[in-house]
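Engineer: Before I ask anything, let me first share the structure, which is written out below as structure tokens.
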């Protein structure tokens, strides 16, 4: 197994896929056969704290950290921004999956195309979601279930579940369970989900800079046989540390949000 790495082209977009991945119904769609042999374009890199990072990776990492911390500490209290974030997460994931799976050959400036296209879809659905409370809460639950599946799978280099279909089933089941729990247990579900999703997104954003393999693990599990996004990784101490950070930050978020919002209902006063 090779050491943790993220290919420069498409890495930012791939990070966005797992960072915003709630489109579970699209995971089983077939990938183009000739995508595996497509050329990967180069990206301009900059040095951040000793790490070599492409410009799109830097943008996605910064957005992930800011969005994640917002959800961890303010997801329950700030009603409309959270509804928008739920739609943004779902829409960006749908946009990424559609663009990546419709890709017969690598796009010119592939990472930029996938990131910008995914963000545009996320912004569109995020605006629409502001009008549909129950739908937004269900999407929040589905995203939480999917991220939980990815977090579980990350603890083994080949995935805790070794087959692609087995991983898809786990993702779909947990996404559906998350949507149902969010719908029926709204208050506590929103607190727990926003804390967990925010923590996971924050860590993914950090890993866009650190590139330990944590993000690449989720990318591999999401994209399956897409060779443009696949890279080998090891579950090393750094990856395990980031997985633990997700749990610790989630617990902090749950505590803070519960204490701060003990007399409030979601969307209420």
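Numbering (the working numbering), first residue to last: 75 to 343.
Built from N, CA and C at the ideal position, the CB exists for glycine as well.
1) Three-state secondary structure (DSSP) at residue 234?
2) State the start and end residues of the unbroken alpha helix (DSSP H) segment that holds residue 30.
3) What separation, rounded to the nearest whole angstrom, lies between the Cα atoms of residue 312 and residue 281?
4) From residue 208 to residue 146, what distance separates their C-alpha atoms?
5) Would you please state the rounded distance, in angstroms, between the beta carbons of residue 248 and residue 220? I believe it to be under 8 Å.
6) Would you identify the three-state DSSP class for residue 186, choosing helix, strand or coil?
7) Where do the ends of the alpha helix (DSSP H) carrying residue 412 lie?
8) How about residue 217 and residue 267: do their beta carbons lie closer than 9 Å?
9) Quick one: what does DSSP say residue 293 is sitting in, helix, strand or coil?
10) Keeping to the same chain, check which residues put their C-beta closer than 6 Å to that of residue 139; ignore five residues upstream and five downstream.
11) From residue 333 to residue 256, what distance separates their C-alpha atoms?
12) Could you work out which residue in 131, 127, 144, 133 is closest to residue 324 when comparing CA atoms only?
13) Buried or exposed for residue 318, please, with buried defined as at least 16 other CB atoms from any protein chain shown within 10 angstroms of its CB.
14) Express the C-alpha separation of residue 290 and residue 78 in angstroms, rounding to a whole number.
15) Taking the C-alpha atoms as reference points, what is the distance between residue 106 and residue 172?
16) Please classify residue 136 as buried or exposed, where buried requires at least 16 neighbouring CB atoms within 10 angstroms.
17) Between which two residues does the alpha helix (DSSP H) harbouring residue 44 extend?
18) Considering only the beta carbon of each residue, do residue 197 and residue 165 sit closer than 9 Å?
19) Are there 16 or more other CB atoms within 10 angstroms of the CB of residue 239, so buried, or fewer, so exposed?
20) Go ahead and pull the three-state DSSP assignment for residue 101.
21) According to DSSP, is residue 219 part of a helix, a strand, or is it coil?
22) Going by other Cβ atoms of all chains shown within 10 Å of its Cβ, with 16 needed for buried, is residue 153 buried or exposed?
23) Using only CA atoms, which one of 254, 274, 205, 160 lies nearest to residue 142?
24) Taking the alpha-carbon of residue 271 as reference, which of 193, 326, 235, 283 has the nearest alpha-carbon?
25) Does DSSP put residue 339 in a helix, in a strand, or in coil?
Structural biologist: In this structure, then:
1) Residue 234 sits at position 160 when you count from the first residue of the chain shown. The three-state reading of DSSP puts residue 234 in coil, since its state is none of H, G, I, E or B.
2) Within the shown structure, residues of the chain are numbered from 75 to 343, placing residue 30 beyond reach of any answer.
3) Within the chain shown, numbered from 1, the residue matching residue 312 stands at position 238. Within the chain shown, numbered from 1, the residue matching residue 281 stands at position 207. Going from the Cα of residue 312 to the Cα of residue 281 covers about 10 Å.
4) Translated into the one-based positions of the chain shown, residue 208 becomes position 134. Translated into the one-based positions of the chain shown, residue 146 becomes position 72. Distance between the alpha carbons of residue 208 and residue 146: 20 Å.
5) On the chain shown, residue 248 is found 174 positions in, with the first residue counted as 1. On the chain shown, residue 220 is found 146 positions in, with the first residue counted as 1. Right, the Cβ-Cβ distance comes to about 7 Å (below 8 Å), so this counts as a contact.
6) Position 112 of the chain shown, counting from 1, holds the residue named residue 186. Looking at residue 186 - three-state DSSP - the assignment turns out to be helix.
7) In the structure as shown, the chain starts at 75 and stops at 343, and residue 412 therefore has no counterpart that could be examined.
8) For the purposes of this step, residue 217 is taken as the residue at position 143 of the chain shown. For the purposes of this step, residue 267 is taken as the residue at position 193 of the chain shown. Contact flag set, yes.
9) As a working note, residue 293 is residue 219 in the chain shown. Helix.
10) In the chain shown, counting from the first residue as 1, residue 139 sits at position 65. Taken in chain order, the residues that qualify are 276, 279.
11) Position 259 of the chain shown, counting from 1, holds the residue named residue 333. Position 182 of the chain shown, counting from 1, holds the residue named residue 256. Computed Cα separation, rounded: 20 Å.
12) Walking along the chain shown from the start, residue 324 turns up at place 250. Ranking the options by Cα distance to residue 324, first place goes to 144.
13) By one-based count along the chain shown, residue 318 stands at place 244. With fewer than 16 other Cβ atoms within 10 Å, it is exposed.
14) Here residue 78 is taken as the residue at index 4 of the chain shown, counted from 1. Here residue 290 is taken as the residue at index 216 of the chain shown, counted from 1. Unreliable placement is indicated for residue 78, whose pLDDT of 42 sits below 50; the coordinate value is still reported in the next sentence. Using only the alpha carbons, I get a separation of about 8 Å.
15) Taking the first residue of the chain shown as 1, we reach residue 106 at position 32. Taking the first residue of the chain shown as 1, we reach residue 172 at position 98. Any reading at residue 106 must be qualified, since the residue scores a pLDDT of 37, below 50, and its modelled position is unreliable; the value itself is stated next. Roughly 12 Å separates the two Cα atoms.
16) The sequence position of residue 136 within the chain shown is 62, counting from 1. Exposed.
17) Limits of the chain in this structure are 75 at one end and 343 at the other, which puts residue 44 out of reach.
18) Reading the chain shown from its first residue, position 123 is the one you call residue 197. Reading the chain shown from its first residue, position 91 is the one you call residue 165. Yes, these two residues count as a Cβ contact at 9 Å.
19) Residue 239 sits at position 165 when you count from the first residue of the chain shown. Exposed, by the Cβ-count rule.
20) The count along the chain shown starts at 1 and reaches residue 101 at position 27. With a pLDDT of 35 at residue 101, under the threshold of 50, the predicted position of this residue should be treated as unreliable, though the coordinate-derived value follows. Correct three-state label for residue 101: coil.
21) For the purposes of this step, residue 219 is taken as residue 145 along the chain shown, with counting starting at 1. Helix at residue 219.
22) Position 79 of the chain shown, counting from 1, holds the residue named residue 153. Flag for residue 153 reads buried.
23) In the chain shown, residue 142 corresponds to position 68, counting from 1. Cα-wise, what sits closest to residue 142 is 274.
24) Here residue 271 is taken as the residue at index 197 of the chain shown, counted from 1. That would be 326, whose Cα lies nearest to the Cα of residue 271.
25) Residue 339 sits at position 265 when you count from the first residue of the chain shown. The answer is coil: DSSP assigns residue 339 none of H, G, I, E or B.
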